[in-house]
Amino acid sequence: MNKQERLYQQAEELEREYRIVLTTALSECAAGRWGLFGHNEHLHGYESPKELGDLRALAQAINRFRARVGVGPFSLHDEFEAARGRADANAPGEPKQAEVWLLRVAGA
Numbered sequence: 001m002n003k004q005e006r007l008y009q010q011a012e013e014l015e016r017e018y019r020i021v022l023t024t025a026l027s028e029c030a031a032g033r034w035g036l037f038g039h040n041e042h043l044h045g046y047e048s049p050k051e052l053g054d055l056r057a058l059a060q061a062i063n064r065f066r067a068r069v070g071v072g073p074f075s076l077h078d079e080f081e082a083a084r085g086r087a088d089a090n091a092p093g094e095p096k097q098a099e100v101w102l103l104r105v106a107g108a
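Residue 108 is where the sequence shown ends in full-length UniProt numbering, and the numbering goes up by one at each step.
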């Protein structure tokens, strides 16, 4: 196995770990734990879940490996970050959003 293949394999391992952390966090959110999607980040005293920092750190590491082997960025994390943030008043709450994302991750 050459260096490129090892780097690619390491990126794939980190992507599997990312999916495990994301699935766990989504399951907790779907069960009623708010914060993962940041709908209330604008409120004073808001604390982001620990998993969010873990996901961001994993995504950075994945993207470093991917860049070294000439593969594009890890789109799942980019899409997750794009789905975060303050939502419209009539938008589904975080638990429902998490349910949709669980189906999405399971199908990936």
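For every residue, glycine included, the Cβ atom is placed at its ideal position computed from N, Cα and C.
Of the listed residues the options, nearest to residue i (C-alpha basis)
i      : options                        : result
ALA89  : HIS39, VAL69 and TRP34         : HIS39
GLU15  : LYS3, GLY93, ASN2 and ASP78    : ASP78
GLY53  : GLY70, GLU99, GLU81 and MET1   : GLU81
LEU102 : VAL69, VAL71, PRO49 and THR23  : THR23
VAL100 : GLY85, SER27 and GLY72         : SER27
GLU5   : VAL69, ARG104 and ARG86        : VAL69
GLY9   : ALA98, GLY85 and VAL71         : The sequence as given places Gln at residue 9; Gly does not occur at that position. That would be VAL71, whose Cα lies nearest to the Cα of GLN9.
GLU13  : ILE62, PRO49 and TRP34         : ILE62
GLY85  : GLN60, ARG104, ALA67 and GLY35 : GLY35
GLN97  : ARG33, LYS3 and GLN60          : ARG33
C-beta contact flag for residue i and residue j at 8 angstroms
i      : j     : result
LEU76  : VAL21 : no
ALA106 : PHE37 : no
GLU51  : ALA25 : yes
TYR18  : LEU43 : no
LEU7   : PHE65 : yes
CYS29  : PRO92 : no
Open item on the list: Threshold first: 4 residues or longer. Then list the alpha helix (DSSP H) segments lying entirely within the segment 27-75, N to C.
Closed with: 50-68
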